[in-house]
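Notes for the one structure printed next.
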RNA sequence: GCCGACAUAGCUCAGUUGGCAGAGCAGCUGAUUCGUAAUCAGCAGGUCCUCAGUUCAAAUCUGAGUGUCGGCUCCA
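Structure follows, in structure tokens:
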């Protein structure tokens, strides 16, 4: 065996070095001091490793520097370790559990009787940053499972011991320990070279979290935080959080008169006049779109006898999510549960199936597409409610499509075409996720053969569409696999909105059939699909996407006429009336405020156009429009503005 | 549901140790008639989330409830 190893760099070049050289030394000697200084961790043959790792065999080497998002991820995990060590110092008796890095930072879960207070958090943050500055190296060590167990048992770390037993049960023989400044945790790694390289740590919140996320387990104390290599990046992150807060639909919605909540109806929005307008614009646009594309709108009852849910399968695991209704004519001596023979519908599908069954269906009718926007009610856990994104009453642009298996791929493509039209209109990018059967058979209905068929058909459709997609194994609905669409808004945040779900189970349960060209009965397949998802959630997303400044076609109020003084109210009123007569949503500010104040009010209301009307305009049948944000469109004849509105204030679909 | 924080005028927020509930904006009235982000003056506005308790006295202290907010596996 040669005492040299061959190292292949990402550009394809190869270098030889002494066997056993550490990654860091290799970089320093064979690449350059600059890279060695910027290096945070490395990958050997694609495996993330510490810079201290020895290169024992020929390998591909990739150095990950602090400019890489991957390094930041590692640094945040480093920060979680440092914070945990500080917490154990500051609060003796606190047990550690796990502390991964997450999207925008990290968290660490601690087992402790007393929750951390915001003041504790400040102390922990200060001490963590001090520990970072102390610049302790991260030291890696591999020990036997027995040694690891002895170590953490000796420290009384019950949760760590439980994790080690789990890892051992999976067949691991050794455990990797990481130490810094005398504190030890086990961890897959890699870590950065030393705590000083982390940069700056900021703790953001404390929260309760169940051990392993299961509400039957003990409640742990979770501390959330984030870390950045420098203060400037942290400040940029905090500024972004400010922007997110400013756009929060829960703030903007009530402020703009879109919607509100009342404690008498937790989780169910009141749609105020402006919000109802916005809702209706979206609803009418979607109605036109689906009507043009072969869908038929139907309306079905909100309240159903439980026999329907027994048939659909909702009366099983889903029952806890339904609002049950007492039939006042039922026997009052019966237990409450038995008197609740009705429920508000949580989904539209079963009632669509009932319509399907109201006649004998021919293959010539397929695909048969029903569309409904009825209100749905789901009893979401009180603690999970929030704004318009998690509600108990909502409306979906919901469709169920009955078709033959051979039509699935084409139909999925048709749906995706509609999605492109709709999301394109808002400038929202989307990506696709394919979710397969829930792993636990108790969480799904239908046998494996059905699931195999459903997953196979949907995947085939996906491949025909040709858009990139990701697999989300195990995340399907209880009745079938699905394609979820994730949209990215103007702040780069991702939202899951529409969905296409394939359902082989419902046609069985409801005994849905059609007569084929062979004059025999066959089972149709059902596709569940929504494009907006729920109107509530979609309006929340749009509100934040546009920061409340909706484009002219969507805005509840499309233009406001403001008069320069009382002398021009006649022309101002005429302008408002003529535009209103053309179907646009217009109002008039003829108050005796000064022009500047009127402009300000109009800007604060985020109205797309403010039309200034004064002496110049009154004499020339003209208006001077100003766009929201300040762009002055200069004086133009009213007819020219009508032209402009026709282009911008008309729904694009 | 569970853990934690919070709840004062329509909104944003002050309110000391338990001692008469405040400001700005919005609203109303009047004056002003004004050219692209706040004209001036006056007035009015309160179940201090709800219910109970402690106290001579509660927005303030205690308990219960309601609602809202941050969370409740992105798994060493």
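Residue numbers (the working numbering): -5 to 647. Cβ atoms here follow ideal geometry from the backbone N, Cα and C, with glycine treated the same way.
What's the gap between the Cα of residue 373 and the Cα of residue 215?
Taking the first chain and counting its residues from 1, the one referred to as residue 373 is at position 379. Taking the first chain and counting its residues from 1, the one referred to as residue 215 is at position 221. If you take the alpha carbons of residue 373 and residue 215, they lie about 27 Å apart.
Got a sec, what are the start and stop residues for the beta strand (DSSP E) residue 174 sits in?
Reading the first chain from its first residue, position 180 is the one you call residue 174. That run of the beta strand (DSSP E) goes 168 to 174.
Measuring alpha carbon to alpha carbon, tell me which of 486, 90, 184 ends up nearest residue 156.
In the first chain, residue 156 corresponds to position 162, counting from 1. Checked all of 486, 90, 184; the closest Cα to residue 156 is 90.
Assign residue 280 to one of two classes, buried (16 or more other C-beta atoms within 10 Å of its C-beta) or exposed (fewer than that).
Position 286 of the first chain, counted from the first residue, corresponds to residue 280. Its Cβ being crowded by 16 or more others within 10 Å, residue 280 is buried.
Tell me whether the beta-carbon of residue 568 lies closer than 7 Å to the beta-carbon of residue 580.
Counting from 1 along the first chain, the entry for residue 568 is found at position 574. Counting from 1 along the first chain, the entry for residue 580 is found at position 586. Cβ atoms of residue 568 and residue 580: not closer than 7 Å.
May I have the straight-line CA-CA distance separating residue 87 from residue 106, to the nearest angstrom?
Counted from its first residue, the first chain places residue 87 at position 93. Counted from its first residue, the first chain places residue 106 at position 112. Taking the straight line from one Cα to the other gives about 8 Å.
Going by the DSSP bridge assignment, what does residue 99 pair with across the sheet?
Residue numbering aside, residue 99 sits at position 105 when the first chain is read from its first letter. Paired residues: 96.
Around the C-beta of residue 648, are 16 or more other C-beta atoms found within 10 angstroms, so that it is buried, or is it exposed?
As displayed, the chain neither begins before -5 nor continues past 647, which places residue 648 out of reach and without an answer.
Please classify residue 352 as buried or exposed, where buried requires at least 16 neighbouring CB atoms within 10 angstroms.
As a first step, residue 352 must be located in the first chain, where it is residue number 358. So residue 352 ends up on the exposed side.
If you follow the beta strand (DSSP E) that residue 495 is in, where does it begin and where does it stop?
The residue labelled residue 495 in the question sits at position 501 within the first chain. Element bounds for residue 495: 488 to 497.
In the DSSP assignment, find the alpha helix (DSSP H) that holds residue 305 and state where it starts and stops.
What you label residue 305 is simply residue 311 of the first chain in a count that begins at 1. Residues 300 to 306.
Quick one: Cα of residue 510 to Cα of residue 361, how far?
For the purposes of this step, residue 510 is taken as the residue at position 516 of the first chain. For the purposes of this step, residue 361 is taken as the residue at position 367 of the first chain. Spanning the two alpha carbons is a distance of roughly 13 Å.
Starting from the Cα of residue 274, find the closest Cα among 186, 391, 127 and give me that residue.
In the first chain, residue 274 corresponds to position 280, counting from 1. The residue with the shortest Cα to Cα distance from residue 274 is 391.
Counting C-beta neighbours from all protein chains within 10 Å, is the total for residue 586 16 or more, i.e. buried, or is it exposed?
As a working note, residue 586 is residue 592 in the first chain. Exposed, since its Cβ has fewer than 16 Cβ neighbours within 10 Å.
I'd like the ranges of any beta strand (DSSP E) spanning at least 3 consecutive residues and lying wholly in the stretch 338 to 423.
Fully enclosed beta strand (DSSP E) runs of 3 or longer: 362 to 366, 369 to 371, 387 to 397.
Could you give the DSSP three-state label for residue 478: helix, strand or coil?
Taking the first chain and counting its residues from 1, one reaches residue 478 at position 484. If DSSP states are grouped into helix, strand and coil, residue 478 belongs with the strands.
In the DSSP assignment, the beta strand (DSSP E) including residue 581 goes from what residue to what residue?
In the first chain, residue 581 corresponds to position 587, counting from 1. First-last of the beta strand (DSSP E) with residue 581: 580 to 583.
Excluding the five sequence neighbours on either side, which residues of its own chain have a C-beta within less than 8 Å of the C-beta of residue 590, listed in chain order?
The residue you call residue 590 lines up with position 596 of the first chain. No residues qualify anywhere along the chain.
On the criterion of 16 or more Cβ atoms from any shown chain inside 10 Å, does residue 213 qualify as buried, or is it exposed?
Residue numbering aside, residue 213 sits at position 219 when the first chain is read from its first letter. Result: exposed.
State the Cα-Cα distance for the pair residue 66 and residue 120, rounded to the nearest angstrom.
Taking the first residue of the first chain as 1, we reach residue 66 at position 72. Taking the first residue of the first chain as 1, we reach residue 120 at position 126. Roughly 20 Å separates the two Cα atoms.
By DSSP's criteria, residue 8 is part of a beta bridge. Which residues make up the other side?
Walking along the first chain from the start, residue 8 turns up at place 14. In DSSP, residue 8 forms a bridge with 2.
With distances taken from CA atoms, which of 622, 616, 311, 626 is nearest residue 634?
Translated into positions along the first chain, residue 634 becomes position 640. Ranking 622, 616, 311, 626 by Cα distance to residue 634 puts 616 first.
Please state whether DSSP places residue 648 in a helix, a strand or coil.
The structure shown does not extend to residue 648, since the chain is modelled only from -5 to 647, so the question has no answer here.
Just grab the DSSP bridge partners of residue 603 for me.
As a working mapping, residue 603 is identified with position 609 in the first chain. DSSP output for residue 603 lists 553, 621 as bridge partner(s).
By the three-class DSSP mapping on this structure, what secondary structure does residue 459 have?
As a working note, residue 459 is residue 465 in the first chain. Here residue 459 sits in helix by DSSP.
Using the C-alpha atoms, what's the distance from residue 77 back to residue 40?
Position 46 of the first chain, counted from the start, is the residue given in the question as residue 40. Position 83 of the first chain, counted from the start, is the residue given in the question as residue 77. If you take the alpha carbons of residue 40 and residue 77, they lie about 29 Å apart.
How many whole angstroms separate the CB atoms of residue 530 and residue 263, which I take to be in contact at a CB cut-off of 8 Å?
On the first chain, position 536 is the one that residue 530 refers to. On the first chain, position 269 is the one that residue 263 refers to. The pair is a contact, with the Cβ atoms about 6 Å apart (cut-off 8 Å).
Out of 543, 252, 498, 80, which one is the CA nearest neighbour of residue 447?
Sequence index remark: in the first chain, residue 447 carries index 453 (1-based). Checked all of 543, 252, 498, 80; the closest Cα to residue 447 is 498.
Measure the C-alpha to C-alpha separation of residue 169 and residue 159 and round it to an integer number of angstroms.
Counted from its first residue, the first chain places residue 169 at position 175. Counted from its first residue, the first chain places residue 159 at position 165. Between residue 169 and residue 159, the C-alpha separation is close to 11 Å.
Can you have a look at residue 267 and say buried or exposed, based on whether 16 or more other CB atoms are within 10 angstroms of its CB?
In the first chain, counting from the first residue as 1, residue 267 sits at position 273. It is exposed - the Cβ of residue 267 has fewer than 16 other Cβ atoms within 10 Å.
Can you tell me where the alpha helix (DSSP H) with residue 640 in it begins and where it stops?
Here residue 640 refers to the residue found at position 646 when the first chain is read from its first residue. Here the alpha helix (DSSP H) through residue 640 covers 632 to 642.
For the candidate residues 451, 418, 442, 467, whose alpha-carbon lies nearest to that of residue 427?
As a working note, residue 427 is residue 433 in the first chain. Closest option to residue 427, Cα to Cα, is 467.
Over what stretch of residues does the alpha helix (DSSP H) that includes residue 238 continue unbroken?
The residue labelled residue 238 in the question sits at position 244 within the first chain. It spans 225 to 241 - the alpha helix (DSSP H) in which residue 238 sits, taken as one unbroken run.
Here's the rule I'm using: 16 or more other beta-carbon atoms within 10 Å means buried, otherwise exposed. How should residue 211 be labelled?
As a first step, residue 211 must be located in the first chain, where it is residue number 217. Exposed is the call here.
Determine the extent of the beta strand (DSSP E) in which residue 179 is found, giving its start and end residues.
For the purposes of this step, residue 179 is identified with residue 185 of the first chain, where counting begins at 1. Where residue 179 is concerned, the enclosing beta strand (DSSP E) stretches over 177 to 180.
For the putative contact between residue 397 and residue 292, defined by C-beta atoms under 8 Å, what is the C-beta separation to the nearest angstrom?
For the purposes of this step, residue 397 is identified with residue 403 of the first chain, where counting begins at 1. For the purposes of this step, residue 292 is identified with residue 298 of the first chain, where counting begins at 1. Actually they are not in contact, since the Cβ atoms of residue 397 and residue 292 sit about 17 Å apart, beyond 8 Å.
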